[in-house]
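Taken in order, these protein sequences are the chains called U and H. Take the first sequence: its position 58, counting from 1, is numbered 58 in my numbering, and each next residue is one higher. Take the second sequence: its position 54, counting from 1, is numbered 1054 in my numbering, and each next residue is one higher. Idealized CB from N, CA, C, for every residue including glycine. Scroll down for the structure; my scribbles are underneath it.
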Amino acid sequence: DIVMTQSPLSLPVTPGEPASISCRSSQSLQESNGYNYLDWYLQKPGQSPQLLIYLGSIRASGVPDRFSGSGSGTDFTLKISRVEAEDVGVYYCMQTLQSPRFTFGQGTKLEIK
Amino acid sequence: EVHLVESGGNLVQPGGSLRLSCAASGFIFNNYWMTWVRQAPGKGLEWVANIKQDGSEKYYVDSVKGRFTISRDNVKNSLNLQMISLRADDTAIYYCARAGNFGRIDYWGQGTRVTVSS
């Protein structure tokens, strides 16, 4: 099974400042088609998770462009260019390479300083 | 608009059984894989099970194999999770979700709470 490891686990950020979350997989998530099978989700307090990014770098519908995903193979990054108060919550990466078996990272809690 | 509404969560004793249901609307149900994801209190997300569009393929996380059964009714647009031999570590919020193209989970329900305790 693929193991997903996120860092940091806690991320205090000042509003307006950038933020970055790392996700590493125990094996490459890149298929021969060039796609990286890595998603990012945000779970805001008291809410269900929501899809932010899929295939490593494609923003889901309605996701603000301050969110971006990058990386390839085993190393991936979610960046928020300028954090807003509404961005607080727990961010999860998830591999879909072994679809239909999925694996989530442990989660990274973003909080406002 | 896509809607996924779970039901069936409850307090159950260890060793007991429970059946969760999810009513889907706003999309062509039998075009999509469907998923159950759970979240134990204060913990992260854990994928539980997936079922193919026609129900012919089912996949489970190792910890629930042999105890949980995922099923779907494409006439009633519903997804189910039959759980037996429940354990304390099955205590969680269970989310019904839709798996879109490339496996991404693009819609989630609000979740239903399962508590396994004596």
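Check                                                                                                                             : Outcome
Close-in-space but distant-in-sequence residues of the same chain around residue 13 of chain U (CB under 7 Å, 5 per side omitted) : 19, 83, 110, 112, 113
Listed by chain order, chain U residues near residue 1059 of chain H by CB distance under 8 Å                                     : 100, 101
Any 3 or more C-beta pairs closer than 8 Å across the stretch 1020-1027 of chain H and the stretch 29-45 of chain U               : no
Residues that residue 1021 of chain H bridges to, as DSSP identifies them                                                         : H/1007, H/1080
Alpha-carbon to alpha-carbon, residue 96 of chain U and residue 1055 of chain H                                                   : 20 Å
Sub-8 Å separation of residue 29 of chain U and residue 108 of chain U beta-carbons                                               : no
Counterpart residues of residue 109 of chain U in DSSP-defined beta bridges                                                       : U/10, U/90
Distance CB(residue 55 of chain U)-CB(residue 63 of chain U) smaller than 8 Å                                                     : no
CA nearest to the CA of residue 91 of chain U, picked from U/61, U/81, U/44                                                       : U/44
Where residue 1063 of chain H sits in the DSSP three-state scheme                                                                 : helix
Inter-residue Cα distance where the pair is residue 34 of chain U and residue 1098 of chain H                                     : 24 Å
Own chain residues within Cβ distance below 6 Å of residue 1039 of chain H, not counting five before or after                     : 1045, 1092, 1093
Residue 104 of chain U to residue 1043 of chain H span [Cα, whole Å]                                                              : 12 Å
Own chain residues within Cβ distance below 7 Å of residue 7 of chain U, not counting five before or after                        : 22
Range covered by the beta strand (DSSP E) that runs through residue 1048 of chain H                                               : 1045-1051
Residues, ordered as in the chain, of the stretch 60-88 of chain U that lie near chain H by beta-carbon distance below 8 Å        : 60
Neighbour flag for residue 91 of chain U against chain H, beta carbons, 8 Å                                                       : no
Residue 1026 of chain H versus residue 1004 of chain H - alpha carbon distance                                                    : 9 Å
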